[in-house]
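Trainee: Pasting a structure here, questions to come.
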Amino acid sequence: MAKITYIEHNGTKHEVEVANGLTVMEGARDNDIPGIEADCGGACACSTCHVYVAQEWVDKLPPKEAMEEDMLDFAYEPDPARSRLTCQLQVSDALDGLVVQMPKMQI
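All residue numbers for the sequence shown refer to the numbering used here, where the first residue is 1 and numbers rise by one.
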């Protein structure tokens, strides 16, 4: 179980416990957190679960795979270092304390 903080674009924080084995996207969806639409349901076929990872977490996450990099090209204002698709981040104890911020919009 990992405690993850999701920050909406307007600054509203949601701190939730997410079970190991789920994705960061599923944690948002299951806890009704606005700002992560996940139109493709986690298939890495869209960019509507895009977030900005807190700077201190960038190097702690597994590297992006090619498909995630490609989908981030379609995200709203992607940041080369901090942008991630939450459907590609699997929750484990190692993600306890993760902080992600949603962009102004999902496209």
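By construction, the Cβ of each residue, glycine as well, lies at the ideal position given by its N, Cα and C atoms.
Are the beta-carbon atoms of Thr5 and Lys13 separated by less than 8 Å?
Mentor: Closer than 8 Å, so yes.
Trainee: Sort out for me which residues DSSP pairs Val100 with in a bridge.
Mentor: Answer by DSSP bridge pairing, in chain order: Tyr6, Val53.
Trainee: Reducing DSSP to helix, strand and coil, say where Arg84 ends up.
Mentor: The answer is strand: DSSP assigns Arg84 an E or B state.
Trainee: Reducing DSSP to helix, strand and coil, say where Val58 ends up.
Mentor: Looking at Val58 - three-state DSSP - the assignment turns out to be helix.
Trainee: Classify Gln55 as buried or exposed, calling it buried when 16 or more other Cβ atoms lie within 10 Å of its own Cβ.
Mentor: That one is exposed.
Trainee: Give the DSSP bridge partners of Glu15, in chain order.
Mentor: According to DSSP, Glu15 bridges with Thr5.
Trainee: If we ignore side chains and look at the alpha-carbon of each, how far apart do Gly27 and Ala19 end up?
Mentor: Each residue's alpha carbon lies about 8 Å from the other.
Trainee: Thinking just about the alpha-carbon of each residue, which of Pro62, Asp32, Ala75, Glu15 is nearest to the one in Lys104?
Mentor: The option with the nearest alpha carbon to Lys104 is Ala75.
Trainee: Following the continuous alpha helix (DSSP H) through Glu69, name the residue where it begins and the one where it ends.
Mentor: Note, Glu69: alpha helix (DSSP H), 66-72.
Trainee: How big is the Cα-Cα spacing for Gly42 and Asp59?
Mentor: Rounded to whole angstroms, Gly42 to Asp59 spans 23 Å at the Cα level.
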